[in-house]
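Trainee:
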Amino acid sequence: MALIRSLAVWVIIYDSQCWLGYVNKWNLESADFYMFYAVATLMMVISYVMGRIEDLEEK
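Quick note: the sequence shown uses the numbering used here, first residue 511, plus one each step.
Take a look at the structure:
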(Lines of atoms letter the chains of each structure in order from A and count residues from 1; the text may use other names and numbers.)
(Lines give C-alpha, C1' and ligand atoms only; values in the text may rest on other atoms or scores of the structure.)
Protein backbone atom coordinates (compact mmCIF):
# COMPACT_ATOMS: atom_id res chain seq x y z
CA MET A 1 0.00 0.00 0.00
CA ALA A 2 2.89 2.35 0.73
CA LEU A 3 4.20 2.00 -2.82
CA ILE A 4 0.87 2.97 -4.37
CA ARG A 5 0.56 6.01 -2.11
CA SER A 6 4.12 7.10 -2.82
CA LEU A 7 3.59 6.82 -6.58
CA ALA A 8 0.43 8.90 -6.26
CA VAL A 9 2.42 11.50 -4.31
CA TRP A 10 5.04 11.57 -7.08
CA VAL A 11 2.48 12.06 -9.84
CA ILE A 12 0.58 14.77 -7.97
CA ILE A 13 3.69 16.75 -6.99
CA TYR A 14 5.39 16.53 -10.40
CA ASP A 15 2.22 17.39 -12.32
CA SER A 16 1.34 20.28 -10.02
CA GLN A 17 4.82 21.79 -10.38
CA CYS A 18 4.68 21.52 -14.18
CA TRP A 19 1.13 22.91 -14.23
CA LEU A 20 2.09 25.88 -12.04
CA GLY A 21 5.00 26.61 -14.34
CA TYR A 22 2.74 26.51 -17.38
CA VAL A 23 -0.05 28.61 -15.85
CA ASN A 24 2.30 31.28 -14.52
CA LYS A 25 4.17 31.38 -17.85
CA TRP A 26 7.55 30.63 -16.31
CA ASN A 27 10.41 30.30 -18.77
CA LEU A 28 11.05 26.64 -18.05
CA GLU A 29 14.22 25.00 -19.28
CA SER A 30 15.18 21.35 -19.09
CA ALA A 31 17.08 21.98 -15.84
CA ASP A 32 13.84 23.16 -14.23
CA PHE A 33 12.10 19.91 -15.12
CA TYR A 34 15.01 17.96 -13.63
CA MET A 35 14.55 19.96 -10.43
CA PHE A 36 10.80 19.20 -10.46
CA TYR A 37 11.65 15.52 -10.97
CA ALA A 38 14.14 15.58 -8.09
CA VAL A 39 11.71 17.24 -5.68
CA ALA A 40 8.91 14.84 -6.62
CA THR A 41 11.23 11.83 -6.26
CA LEU A 42 12.45 12.99 -2.86
CA MET A 43 8.88 13.42 -1.65
CA MET A 44 8.01 9.98 -3.05
CA VAL A 45 10.86 8.35 -1.11
CA ILE A 46 9.85 10.12 2.10
CA SER A 47 6.22 9.08 1.58
CA TYR A 48 7.25 5.48 0.91
CA VAL A 49 9.45 5.24 4.01
CA MET A 50 6.78 6.79 6.23
CA GLY A 51 4.18 4.45 4.73
CA ARG A 52 6.36 1.39 5.36
CA ILE A 53 6.90 2.46 8.97
CA GLU A 54 3.14 2.86 9.34
CA ASP A 55 2.52 -0.57 7.78
CA LEU A 56 5.04 -2.22 10.10
CA GLU A 57 3.49 -0.60 13.16
CA GLU A 58 0.07 -2.00 12.20
CA LYS A 59 1.37 -5.60 12.17
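Glycine is no exception: its CB is placed at the ideal position from the N, C-alpha and C atoms. As the structure is a computational prediction, the values presented were derived from the model and not from experiment.
Three-state secondary structure (DSSP) at Met511?
Mentor: As a working note, residue 511 is residue 1 in the sequence shown. Correct three-state label for Met511: coil.
Trainee: With DSSP run on the structure shown, which of helix, strand or coil describes Leu538?
Mentor: In the sequence shown, the residue the question calls residue 538 occupies position 28. DSSP places Leu538 in coil when its eight states are reduced to three.
Trainee: Pull up the distance between the alpha-carbon of Tyr524 and that of Ser540, whole angstroms please.
Mentor: To locate residue 524, count along the sequence shown from 1; it is residue 14. To locate residue 540, count along the sequence shown from 1; it is residue 30. Taking the straight line joining both Cα atoms gives about 14 Å.
Trainee: With a CB to CB cut of under 6 Å and the five nearest residues on each side skipped, what residues in its chain are close to Gly531?
Mentor: Locating residue 531 in the sequence shown gives position 21, where the first residue counts as 1. Within the same chain, Gly531 has close Cβ partners Leu538.
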